[in-house]
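> Just so you know, the sequence shown maps onto residues 91 to 800 in my numbering.
Could you have a look at this structure, given as structure tokens, before my questions?
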Amino acid sequence: MAQQLSYTLRFCRNQYLRRRGPNSDVSLIKIQERLKQEVRRTALELFGVELEQVNAETPPRPELGDLAFPVSFELAKLIKQASGVKVAPRSIAEQLKTKLEAAAEVSRVEVAGAGYLNVFFDRAKLLALFAAEKPIEPTEVSPFPDRPKKMVEHTSINPNKAAHIGHVRNAVLGDTFVRILQAAAERVEVQNYIDNTGVQVADVVVGFMHIEQMDLQEIKALDSSLPADRPFAYYCWDLYTKVGHFYRDGNPSGEPNAERLRLRTEVLHALEEGNNPVAALADYVATRNVECILDTMERLEIRYDLLARESDILHLHFWDRAFELMKQAGVIRLENRGKHAGCWVMPFESHTGTDEHESDKIIVRSNGTVTYTGKDIAYQLWKLGQLGLDFNYKPFRTYPDLHVAWVTTTEPNAEILPEVPRPNFGGGVKVYNVIDSRQSYPQEIVARGVAAVVPEVGADASVHLSYEMVALSPAACEELGIELSEEDRARPYIEMSGRKGLGVKADDLIDRLEADALREVASRHAELSLEEQSATAHEIAVGALRYFLLKFTRNSVIAFDFKEALSFEGETGPYCQYAAVRANSIFRKLDNDAVRSAEELIRENSVAADGAKVSEVLAGEAGTEVWSLVMLAERLDEVIAQCAASAEPANLAKYTFTLARAFNLFYHRHRIIAEEDQIRRAVLMAVADITRRRLTAALATLGIAVPERM
Numbered sequence: 091m092a093q094q095l096s097y098t099l100r101f102c103r104n105q106y107l108r109r110r111g112p113n114s115d116v117s118l119i120k121i122q123e124r125l126k127q128e129v130r131r132t133a134l135e136l137f138g139v140e141l142e143q144v145n146a147e148t149p150p151r152p153e154l155g156d157l158a159f160p161v162s163f164e165l166a167k168l169i170k171q172a173s174g175v176k177v178a179p180r181s182i183a184e185q186l187k188t189k190l191e192a193a194a195e196v197s198r199v200e201v202a203g204a205g206y207l208n209v210f211f212d213r214a215k216l217l218a219l220f221a222a223e224k225p226i227e228p229t230e231v232s233p234f235p236d237r238p239k240k241m242v243e244h245t246s247i248n249p250n251k252a253a254h255i256g257h258v259r260n261a262v263l264g265d266t267f268v269r270i271l272q273a274a275a276e277r278v279e280v281q282n283y284i285d286n287t288g289v290q291v292a293d294v295v296v297g298f299m300h301i302e303q304m305d306l307q308e309i310k311a312l313d314s315s316l317p318a319d320r321p322f323a324y325y326c327w328d329l330y331t332k333v334g335h336f337y338r339d340g341n342p343s344g345e346p347n348a349e350r351l352r353l354r355t356e357v358l359h360a361l362e363e364g365n366n367p368v369a370a371l372a373d374y375v376a377t378r379n380v381e382c383i384l385d386t387m388e389r390l391e392i393r394y395d396l397l398a399r400e401s402d403i404l405h406l407h408f409w410d411r412a413f414e415l416m417k418q419a420g421v422i423r424l425e426n427r428g429k430h431a432g433c434w435v436m437p438f439e440s441h442t443g444t445d446e447h448e449s450d451k452i453i454v455r456s457n458g459t460v461t462y463t464g465k466d467i468a469y470q471l472w473k474l475g476q477l478g479l480d481f482n483y484k485p486f487r488t489y490p491d492l493h494v495a496w497v498t499t500t501e502p503n504a505e506i507l508p509e510v511p512r513p514n515f516g517g518g519v520k521v522y523n524v525i526d527s528r529q530s531y532p533q534e535i536v537a538r539g540v541a542a543v544v545p546e547v548g549a550d551a552s553v554h555l556s557y558e559m560v561a562l563s564p565a566a567c568e569e570l571g572i573e574l575s576e577e578d579r580a581r582p583y584i585e586m587s588g589r590k591g592l593g594v595k596a597d598d599l600i601d602r603l604e605a606d607a608l609r610e611v612a613s614r615h616a617e618l619s620l621e622e623q624s625a626t627a628h629e630i631a632v633g634a635l636r637y638f639l640l641k642f643t644r645n646s647v648i649a650f651d652f653k654e655a656l657s658f659e660g661e662t663g664p665y666c667q668y669a670a671v672r673a674n675s676i677f678r679k680l681d682n683d684a685v686r687s688a689e690e691l692i693r694e695n696s697v698a699a700d701g702a703k704v705s706e707v708l709a710g711e712a713g714t715e716v717w718s719l720v721m722l723a724e725r726l727d728e729v730i731a732q733c734a735a736s737a738e739p740a741n742l743a744k745y746t747f748t749l750a751r752a753f754n755l756f757y758h759r760h761r762i763i764a765e766e767d768q769i770r771r772a773v774l775m776a777v778a779d780i781t782r783r784r785l786t787a788a789l790a791t792l793g794i795a796v797p798e799r800m
């Protein structure tokens, strides 16, 4: 079988090159960079000033130009500092103007106000260049194999039960940020941390052993007997709730029963020790839950390169190695007195005394068990290639397209797949950890701990990509059959609790969205088969869910609402999808000859008589409105670069909606196919094609497909 690239590299290759075809040097972001370089060269040549950075702005109104440079004001200050000579910014702008107007893509430059440089592009020339961009066939070679690796850890659900809507926000944020980095030509590794030795897994093991009275063989028999609509992870969901009641049962105060809590401690010790019947039972439970979670995430087109198991961090002595490094660096100390006596702690002067996060600084508890923070430091050191140890690996899941999700293992001779070579995992230069905002302080401890052990790496190599919780609107709760009190109905949102069993399983949420979308699709397209209707409904449901979770900034609490998410109007995924479907419908009605003919007209006219005819179509108020759509579409690369730098996918969601809305306005105002003037028709077709390609690429980067029809 032919060698295949990993899913990550294949996605990167397809999405990046689909947007930036063989004429990638004509992209708007590249044109801007060339103009910035010209400003730097001119500043050095004329004024002897070396500019470290040149900022460009988008003018507030298209009649003010396509690009603005406020650089003259900065240059005036620098010239005065260097020579003591005072030069008016407007005079500097006039000298820069001549140089910028020599650029092939520039039509003219105007000096505005006290010294702003407003650049107007040659619309006919750029339209021809942008329209000529075409998708290229992918190759078997990654476009950036030698780039330093960035690593994104996301999802990382405790493998003790089914995923819920809060987990979905984490996974969608992480997956979209991965897509953004890939679209920005970064090399990315995607990891999913499997905490298979933690308290949550221990609690479900306690439930199976002491409530259900089951051994491993009985659990396996139960698993094989469960119906398809109630998988193993659903059973564990209910059992986890029972365990919470089990711990408190018989205690009038409602506090956990100390005797029963000791069962949890015994299980935790067995899990950390490994190679015993309790650990084997826990491994089966955790592995089956991971399989169910991966099934859920596949419905949202979310995949991983590596599943890193916490048990392997312990059993391969990652923690032991990290512990020695931390002691050698003087990062931790053994407390001999006080409430943390017997604990190894990481003291920081800025967090002492009665700090509410005091316990987060504990690395090893007095009973000898390692805290989450300690294990996270060991894992983070490995991710950054600073531990000096490595996992063993084996395939966990192979998808139909041959993407492999690998899993860590302690087995030295793990299975390999000859047709899919194992990537070299770890060794990143920067690690993004997608974890909710409640873990901000522990994540700070991890970053500072790593930086203290390996100062040359620094705390900046560890980035906490935090987010707020997802709740449900009262209407969504009622739609899901969750009973609410009158007091709850008056609240803006309802919080969820896994231990109390109050929550929404991710699969139930997706099922409900698909059912609602299917009713809408069936009413619009009764002629389609049920299979076609269901496929379309799935794409709409996923688009609705992903967009709803992405349109809010990461620091916003989300109150999920079905009606709002699935609406075909307003700032929703279906609205953006519908705009792309509309754009595609134009070209389904045109044959290839008509499209090629229009492209030829644009190209020929752009080099003849200074593109007079195309320029005429793009002139005036109506033409400027059309040109503004082109400029908006071509800013996708700039938006992606900004999102990659800020780690804020909401900005891309906002841009996508803005582009969809602008296209819908264009669609309503212009008769494209019926236009009789050949040049005008060709221009409108080119603008529509540019926009649909950028809109499709923006949606793909958000993880949203464009249905054939809606």
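Using N, Cα and C, we set each Cβ at its ideal position, and we do this for glycine too.
Cutting at 8 Å between CB atoms, please list the residues of its own chain near D526, excluding the five before and the five after it.
Excluding positions up to five away in sequence, the list reads G256, N260, S556, Y557, E558 and M559.
> What ranges does the alpha helix (DSSP H) occupy inside the segment 627-706, keeping only unbroken runs of at least 4 residues that lie completely in it?
Counting whole runs of 4 or more residues, the segment 627-706 contains the alpha helix (DSSP H) stretches 652-656, 663-678 and 682-697.
> So what's K465 in DSSP terms, helix, strand or just coil?
In the structure shown, K465 sits in a helix (DSSP, three-state: H, G or I).
> DSSP beta-bridge partners for M241?
E279 and V521, per the DSSP bridge assignment.
> Decide if I763 is buried, meaning its Cβ has at least 16 other Cβ atoms within 10 Å, or exposed.
Exposed, since its Cβ has fewer than 16 Cβ neighbours within 10 Å.
> Relative to the C-alpha of D236, which candidate in V201, A222 and A275 has its C-alpha closest?
Of the candidates V201, A222 and A275, the one whose C-alpha sits nearest the C-alpha of D236 is A275.
> Around the Cβ of S173, are there at least 16 other Cβ atoms within 10 angstroms (buried) or fewer (exposed)?
Result: exposed.
> Per DSSP, which residues does Y206 bridge with? Please list them.
A202, per the DSSP bridge assignment.
> Within a Cβ cutoff of 6 Å, which residues of the same chain sit near H554, ignoring the five residues on either side of it in sequence?
Contacts found: N523 and Q533.
> For K653, count the other beta carbons within 10 Å of its own beta carbon; 16 or more makes it buried, fewer makes it exposed. Which is it?
Looking at its Cβ environment, which holds fewer than 16 other Cβ atoms inside 10 Å, K653 is exposed.
> On a CA-only basis, which of A218, R352 and I182 is nearest E195? Give me that one, please.
Cα-wise, what sits closest to E195 is A218.
> Under three-state DSSP, which class holds K310?
Correct three-state label for K310: helix.
> Classify T398 as helix, strand or coil using the three-state DSSP reduction.
Looking at the sequence shown, residue 398 is not Thr but Ala. Of the three classes helix, strand and coil, the one that applies to A398 here is strand, per DSSP.
> Specify whether the segment 490-497 and the segment 700-712 touch according to this definition: at least 3 beta carbon pairs, one from each stretch, less than 8 Å apart.
No, because fewer than three Cβ pairs between the segment 490-497 and the segment 700-712 fall closer than 8 Å, the two stretches do not touch.
> Excluding five sequence neighbours on each side, which residues of the same chain lie with their C-beta closer than 7 Å to the C-beta of Q290?
The residues are N248 and N250.
> Taking the alpha carbon of D293 as the reference point, which residue from I535, R487, E425 and A376 has its own alpha carbon closest?
Residue A376 is the option with its Cα nearest to D293.
> Which same chain residues, not among the five before or five after L424, have their C-beta less than 6 Å away from its C-beta?
Only W434 meet the Cβ criterion.
> Taking I769 as the reference, which of A735, N695, A731 and K240 has the closest Cα?
Comparing Cα-Cα distances from I769 to each of A735, N695, A731 and K240, the minimum goes to N695.
> I need the boundaries of the beta strand (DSSP E) containing L157, first residue and last residue.
Per DSSP, L157 belongs to the beta strand (DSSP E) from L157 to F159.
> Here's the rule I'm using: 16 or more other beta-carbon atoms within 10 Å means buried, otherwise exposed. How should I794 be labelled?
Looking at its Cβ environment, which holds 16 or more other Cβ atoms inside 10 Å, I794 is buried.
> Under three-state DSSP, which class holds A274?
Residue state, collapsed to three classes: coil.
> Give the secondary structure of Y531 by DSSP, where H, G and I count as helix, E and B as strand, and everything else as coil.
Y531: helix per DSSP, three-state reduction.
> Pick out whichever of L371, I392 and G548 has its Cα sitting closest to the Cα of V258.
Ranking the options by Cα distance to V258, first place goes to I392.
> Just verifying my parser: in three-state terms, what is the DSSP assignment at E191?
DSSP places E191 in helix when its eight states are reduced to three.
> Tell me the residue span of the beta strand (DSSP E) that contains L555.
Per DSSP, L555 belongs to the beta strand (DSSP E) from S552 to L555.
> Using CA atoms only, rank isn't needed, just tell me which of A202, L157, F137 and A146 is closest to K176.
It is F137.
> DSSP three-state call for P346: helix, strand or coil?
Three-state DSSP puts P346 in coil, outside helix and strand.
> Count the other C-beta atoms from every protein chain shown that fall within 10 angstroms of the C-beta of D285, then say buried if there are 16 or more, exposed otherwise.
Answer is buried; the Cβ neighbour count reaches 16.
> Exposed or buried, what is V521 when buried is set at 16 or more other beta-carbons lying within 10 Å of its beta-carbon?
Classification for V521: buried.
> Could you spell out the range, first to last residue, of the alpha helix (DSSP H) harbouring A566?
Where A566 is concerned, the enclosing alpha helix (DSSP H) stretches over P564 to E569.
> From N741 to A360, what distance separates their C-alpha atoms?
Approximately 46 Å, taken between the alpha carbons.
> If I follow the unbroken beta strand (DSSP E) through A380, where does it start and stop?
According to the sequence provided, residue 380 is Val. The question's Ala does not apply to it. Taken as a continuous stretch (DSSP letters only), V380 belongs to no beta strand (DSSP E), being part of the alpha helix (DSSP H) at P367 to R389.
> How should R198 be labelled, buried or exposed, when 16 other C-beta atoms within 10 angstroms of its C-beta is the threshold for buried?
Exposed, since its Cβ has fewer than 16 Cβ neighbours within 10 Å.
> Helix, strand or coil, according to DSSP, for S117 in the structure here?
Three-state result, S117: coil.
> Is it right to say A348 is buried, meaning 16 or more other beta carbons lie within 10 angstroms of its own, or is it exposed?
With fewer than 16 Cβ atoms within 10 Å of its Cβ, A348 is classed as exposed.
> Between the Cα of R799 and those of N457, H628 and A537, spot the shortest distance and give me the residue it belongs to.
For the residues N457, H628 and A537, the minimum Cα distance to R799 belongs to H628.
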